[in-house]
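The sequence shown begins at 1 in my numbering and counts up one residue at a time.
Below is one structure, written out as structure tokens; comments come after it.
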Amino acid sequence: MMRVSKLFLIPVWMLLMVSCSSVRVTTDYDTQVDFAKYRTFAFYKTGIDKAPISDLDKKRIMRAVESELLAKGMRKSSNPDVLVSLFTKSRERINVNDNRFGGFWYPWYYGPNQMNVSQYTEGTLFIDLLDAKKKELVWQGVGTGALRMTDVRRKERRIKEFVKEIMAKYPPGSRNK
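Here's what the structure looks like:
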């Protein structure tokens with residue numbers, strides 16, 4: 001019987017680990033805009049300068065966004081159709097896992113009652129696309145997920161993952177994940 005409970009715990013822990021690494025994405029856009037007309041882009045320095053992150057992280061995000069837009073067939077231009085801006089937020093989160101199975105006693109579970117508490121940073125990345133002529137927001141992608149980066153390479157991979165997940169939703173009506 002004890003084997004059954006341990007086998008049950010493996011998928012639960014795997015699910016928890018996968019859910020912590022995912023990026024939750026939402027988008028909003030102007031339904032009156034023809035996104036097919038947007039073929040060129042540039043970064044909106046005024047907006048990006050306001051993002052409360054390091055210049056190194058801004059560069060990482062901008063490189064990832066540029067890569068995704070180029071892959072979609074857009075090109076960088078000094079006279080762009082859209083301007084790309086970004087903003088970030090973060091907050092500390094506490095995760096409490098009660099491993100006592102809801103406080104009930106199960107005869108096949110003989111392990112100690114454990115409660116695990118972990119703290120992590122949850123980050124949110126906003127990617128805004130503005131019509132360059134009108135300077136109006138036409139599309140916004142927002143990605144939220146856990147940030148647990150101990151080294152530069154992991155940080156770069158996580159930033160690329162955030163951007164890729166967000167930009168998968170652009171343009172509206174495209175084949176989304």
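Ideal Cβ placement from N, Cα and C applies to all residues, glycine included.
In this text, all values refer to a predicted model and were calculated from it rather than measured experimentally.
CB of residue i within 7 Å of CB of residue j, strictly
i              : j           : result
valine 142     : leucine 129 : no
leucine 83     : alanine 51  : no
isoleucine 127 : valine 25   : no
Whole-angstrom distance between residue j and residue i, CA atom to CA atom
i                : j             : result
alanine 132      : arginine 158  : 29 Å
valine 163       : leucine 147   : 14 Å
glycine 73       : threonine 144 : 26 Å
aspartate 57     : threonine 88  : 10 Å
serine 22        : aspartate 81  : 31 Å
glutamate 68     : glutamine 140 : 15 Å
serine 90        : tyrosine 29   : 23 Å
valine 33        : lysine 155    : 34 Å
serine 182       : lysine 37     : Because the chain here runs from 1 to 177, residue 182 falls outside it and cannot be looked at.
arginine 39      : asparagine 79 : 11 Å
phenylalanine 43 : methionine 62 : 8 Å
threonine 27     : threonine 46  : 22 Å
threonine 150    : isoleucine 48 : 25 Å
glutamate 66     : glutamate 161 : 14 Å
Classification of residue i by the beta-carbon crowding that lies within 10 angstroms, buried from 16 upward
i            : result
threonine 31 : exposed
alanine 64   : buried
arginine 153 : exposed
lysine 76    : exposed
arginine 60  : buried
lysine 135   : exposed
lysine 169   : buried
glycine 123  : buried
leucine 125  : buried
alanine 71   : exposed
serine 174   : exposed
Beta carbon proximity, residue i to chain B, threshold 7 Å
i             : result
glutamate 156 : Reference to chain B is not applicable here, since this structure consists of a single protein chain.
Contact belief for residue i with residue j at Cβ below 8 Å, rounded distance in angstroms
i           : j                : result
proline 171 : phenylalanine 35 : 4 Å
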